[in-house]
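> Using the numbering used here, read the sequence shown as starting at 116 and increasing by one per residue. Backbone N, C-alpha and C define an ideal beta-carbon position, used for all residues, glycine too. Quantities reported herein were computed from a predicted structural model and do not represent experimental measurements.
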Amino acid sequence: MFRLLISIVCLLAAGSVFGQAHSSSYTKDYQREAHDIFDAIIGMRTAAGHGNVPAMAEYLADRFRKGGFDEEDIHIVPHTVETGEKVASLVVRYRGNGLANRKPVLLLAHMDVVDAIRSDWVRDPYTLIEEDGFFFGRGTRDNKTGVAMLTATFLRLQRENFTPTRDFIIAFTGDEETNMETIRSLVTEHRALVDAEYVLNTDAGGGYRDHDHDPVAYLLQAAEKTYVTYELTIRNPGGHSSRPRADNAIYELATVLKNIEAYRFPIRTNEISLGYFREMSTLVDGELGAAMAEFARDPGNADAQAVLEATPGEVGVTRTTCVATMLSAGHAENALPQTATATVNCRVFPGVPVTEVEAQLMQAADNPALEISVAYKPMEGPMSPLQEAVTATVGNAANAFHGTVPLVPYMAASATDSLHTRLAGMPSYGAMGLFMRQEDIFSHGLNERVPVDSFYLALEFWHQILTELGSERAAR
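#1: From Val-489 to Glu-346, what does the alpha carbon distance come to, in whole angstroms?
#2: CB-CB under 6 Å to Gly-320, same chain, minus the five flanking residues each way: which ones, in chain order?
#3: For Gly-354 and Thr-458, I'd like the C-alpha separation in whole angstroms.
#4: Run the CB neighbour count on Gly-289, radius 10 Å, all protein chains shown included, and call it buried at 16 or more, exposed below.
#5: Run through DSSP, which three-state label would Glu-304 get?
#6: I need the straight-line Cα distance from Ala-263 to Arg-180, nearest angstrom please.
#7: Could you spell out the range, first to last residue, of the alpha helix (DSSP H) harbouring Ile-152?
#8: Could you tell me the boundaries of the alpha helix (DSSP H) in which Ala-417 lies?
#9: By the three-class DSSP mapping on this structure, what secondary structure does Asn-460 have?
#10: Does Ala-425 pass the burial test, meaning 16 or more other C-beta atoms within 10 Å, or should it be called exposed?
#11: Output needed for Phe-557: all residues of its chain with C-beta closer than 7 Å, excluding positions within five of it in sequence on either side, in chain order.
#12: For Phe-410 and Ala-527, what's the separation of their Cα atoms in angstroms?
#13: Under the three-state reduction of DSSP, which class applies to Asn-351: helix, strand or coil?
#14: For Ile-285, tell me which candidate among Glu-291, Asn-276, Val-309 has the shortest Cα-Cα distance.
#15: Tell me, to the nearest whole angstrom, how far the beta carbon of Phe-283 is from that of Leu-222; I am working on the premise that it is less than 8 Å.
#16: Excluding sequence positions up to five away, which residues of its chain have a Cβ less than 8 Å from the Cβ of Leu-584?
#17: DSSP state of Tyr-366, grouped into three classes?
#18: Can you determine whether any heavy atom of the ligand NAP sits closer than 7 Å to the C-beta of Leu-584, and answer yes or no?
#19: For the pair the region 164 to 181 and the region 192 to 205, tell me if three or more CB-CB distances fall below 8 Å.
#20: Use the C-beta contact count for Leu-561: other C-beta atoms within 10 angstroms, 16 or more gives buried, fewer gives exposed.
#21: Excluding sequence positions up to five away, which residues of its chain have a Cβ less than 8 Å from the Cβ of Ala-136?
#22: Is the beta carbon of Ala-419 less than 8 Å from the beta carbon of Ala-439?
#23: Does DSSP put Gly-289 in a helix, in a strand, or in coil?
#24: Using 10 angstroms around the beta-carbon of Arg-379, count the other beta-carbons present and answer buried if the total reaches 16, otherwise exposed.
#25: Once the 5 residues before and after Asn-294 are set aside, which same chain residues still bring their CB inside 8 Å of it?
#26: Threshold first: 4 residues or longer. Then list the alpha helix (DSSP H) segments lying entirely within the region 475 to 526, N to C.
#27: Near Gln-553, what residues of its chain come up, given a Cβ to Cβ distance below 6 Å and the 5 sequence neighbours on each side ignored?
#28: Evaluate contact between the region 461 to 468 and the region 382 to 395, counting only Cβ atoms and requiring at least three cross-stretch pairs below 8 Å.
#29: Is the region 359 to 370 close to the region 440 to 447, with three or more CB pairs under 8 Å?
#30: According to DSSP, is Tyr-141 part of a helix, a strand, or is it coil?
#31: Assign Ile-556 to one of three DSSP states: helix, strand, or coil.
#32: Within 10 angstroms of its Cβ, does Val-192 collect 16 or more other Cβ (buried), or is it exposed?
#33: Which runs of the beta strand (DSSP E) at least 3 residues long sit entirely within the region 158 to 204? Give them in chain order.
#34: Helix, strand or coil for Tyr-571 per DSSP?
#35: Bridge partners for His-225 per DSSP, in chain order?
#36: Mark Gly-254 as exposed unless 16 or more other C-beta atoms lie within 10 angstroms of its C-beta, in which case mark it buried.
Listed below in C-alpha cells is the structure:
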C-alpha cells in the first residue's frame, strides 16, 4: 500500500517561520546544548586525510559520559582504513527495560565529511556561521546535523529519566564519504554492538519544502542506488613536447569523456521510484509536477525525462548515471603524456548488473584502446520493506511539527551507510529530521547550509520518534 498509513489530504501545513528564526530565539537547555555540539563538531575538519575523526569520536563520547551514560555503554571502535589513516566509530547504547521484547533500533549518522577548501568558500567552511536564517559550514547537512540531533536527544531523554521499552543504539561512523569501512566493520566484526531490528539513518530522507519554504512532503528513503567508481585510462608512448604526435593521451581521454557525457543510460523504474513520482506530482507545482505525473504514467515520455534530468534533486531517480569526478595525466610539462586517467563515479539503478554498466561505458567511450577498471568492489543492497512501526512513527513526527504532510517513500540516488546495514539483514530507512527546499541543498558543494528553524524543529522530531518507539510494547 504505497500511500501507507498517512492519508494525503489538502496541505494544512503551518506557515514556515523561515526568515524569522535565529538561534538566539531557542533558549531551552537542550536547544543550546544541541547548538554547542553542532558548533564544536562543525569546527572539526573530519575529511579524509586530516586525522580528526578519532578526536571527534572522543569529544562526543565525553559528552555522553558527562550526560550520565555508563562507560560500558560507550564504545569508541578504532579502525585503520585502506590508506593507513586512523579513523573510528562511536557506538552508544541507551538501555531500555526490555518490556517490548524486541531487538534494539539502530540510529546512524557519520562523523566524516567531504573536504572543503577555505579559498573556495565565501565563509570559513569549518566555522559554524549563522546568516540569513541558515547555519553555514561543511557538514551542516551531510551529516553533522544528524550527529548533533542524536547526541542531544539521547542526552535530553537521559535527563528526563526516560526508560524505553527496548534499547536504542547510536552508531556514528568514520568514513562514510570514502570507503565505508567503519560501517562494514561494525556490522561484521562488532555485530553484537549494533545488532538491531531495523535502522533509522539521519543521512537520507527528510522533509521537502516548496520555494516559499512551506512543508510539502516527508521523504522516507527505503532504497538506494549502487555506488561504483571506475578508472578510465589511455596510454601512449609519449615523447618530447616539441614534437607533437597525432595521438595524445590527454586529447584521447578528453574525447572519451565527452562521449560519456553525451551518453544516456536506459530509463529504469521500480515500484518505489514510480510511486515517488506519482505521489510528488500531486504536491509539486508547475512544469516539474507535470513531468513527474507524466513520467509515472509513461516513463518513456522524452519531454518528462528531460524536465526531470534538468532538476538536480530528481536527475538520479530515472536511470543509472555516470560522471567524471577527477583527472590525472602527464608526468612533465615538457613531455607528451604517457598516461591519462579519469575517475568516473556511477550510481547504478537497483537491479542493473555492474558488468552491464561497464560494457555500456566502453561502448559509449568508442575507443578500443581505453582501459577500464573498478576502483573497488561495488556492493548492491536490497530495498527495505515498508514497516508500520517506521512509517507511522516517522510520519507522526513529521506531522506534529510541520502540519499534515504525506509520507512518501523514495529511492536515493546517493549512497549511505544503510547499504551495509541492509546487506547485513537489517532493514534500513533514511529519516533525516531536516525540512529543506531543493535549491538550498549543497551537500558536498560550496556554502553547505541548513535552515535555522529546521535545525531546531529536527530536535523535536527526533525526541518524538524515540519517545514513541521507546513506548512500544510487543503487541505492535
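On the basis of the supplied data:
#1: Those two C-alpha atoms are separated by around 6 Å.
#2: Take Gly-320, set aside five residues on each side of it, and the residues of its chain with a beta-carbon closer than 6 Å to its own are Leu-334, Leu-335, Gln-336, Gly-545, Ala-546, Met-547, in chain order.
#3: For Gly-354 and Thr-458, the distance between alpha carbons rounds to 25 Å.
#4: Buried, since its Cβ has 16 or more Cβ neighbours within 10 Å.
#5: Collapsing the DSSP output to three states places Glu-304 in coil.
#6: Those two C-alpha atoms are separated by around 16 Å.
#7: Under the DSSP assignment, Ile-152 falls in the alpha helix (DSSP H) whose first and last residues are 144 to 157.
#8: Here the alpha helix (DSSP H) through Ala-417 covers 417 to 424.
#9: Correct three-state label for Asn-460: strand.
#10: Its Cβ having fewer than 16 others within 10 Å, Ala-425 is exposed.
#11: Closer than 7 Å at Cβ, skipping near neighbours: Glu-563, Arg-564.
#12: The straight-line gap separating the alpha-carbon atoms of Phe-410 and Ala-527 is approximately 17 Å.
#13: The answer is coil: DSSP assigns Asn-351 none of H, G, I, E or B.
#14: For Ile-285, the nearest C-alpha among the options comes from Val-309.
#15: Between Phe-283 and Leu-222, the beta carbon gap of about 6 Å places them in contact (Cβ cut-off 8 Å).
#16: The beta carbon of Leu-584 lies closer than 8 Å to those of Val-220, Pro-279, Arg-281, Phe-283, Ala-504, Thr-508 in the same chain, with the five residues before and after it left out.
#17: In the structure shown, the three-state DSSP call for Tyr-366 is helix.
#18: Among the ligands in the structure shown, none appear at all, so the ligand NAP cannot be discussed.
#19: As far as the Cβ criterion goes, the region 164 to 181 touches the region 192 to 205, which means the pair count is three or higher.
#20: Leu-561 is exposed by the Cβ-count criterion.
#21: Contacts found: Gly-248, Pro-566, Val-567, Asp-568, Tyr-571.
#22: Their beta carbons are not under 8 Å apart, which means Ala-419 does not touch Ala-439 by this criterion.
#23: The answer is coil: DSSP assigns Gly-289 none of H, G, I, E or B.
#24: Exposed.
#25: Counting only Cβ-Cβ distances below 8 Å, and skipping sequence neighbours, we find Val-196, Glu-197, Tyr-491.
#26: Under the rule that a run must span 4 or more residues, the alpha helix (DSSP H) segments found entirely inside the region 475 to 526 read 503 to 517.
#27: Hits under 6 Å: Gly-428.
#28: With the cut-off at 8 Å, the region 461 to 468 and the region 382 to 395 touch.
#29: Flag = yes, the region 359 to 370 and the region 440 to 447 touch.
#30: In the three-state scheme derived from DSSP, where H, G and I count as helix and E and B as strand, Tyr-141 is classed as coil.
#31: Residue state, collapsed to three classes: coil.
#32: A residue is called buried once 16 or more other Cβ atoms fall within 10 Å of its Cβ, and Val-192 is buried on that count.
#33: If we require 3 residues or more, the beta strand (DSSP E) runs fully inside the region 158 to 204 come out as 189 to 195.
#34: Reduced to three states, the DSSP call for Tyr-571 is helix.
#35: Looking at the DSSP assignment, His-225 forms a beta bridge with Thr-288.
#36: Buried.
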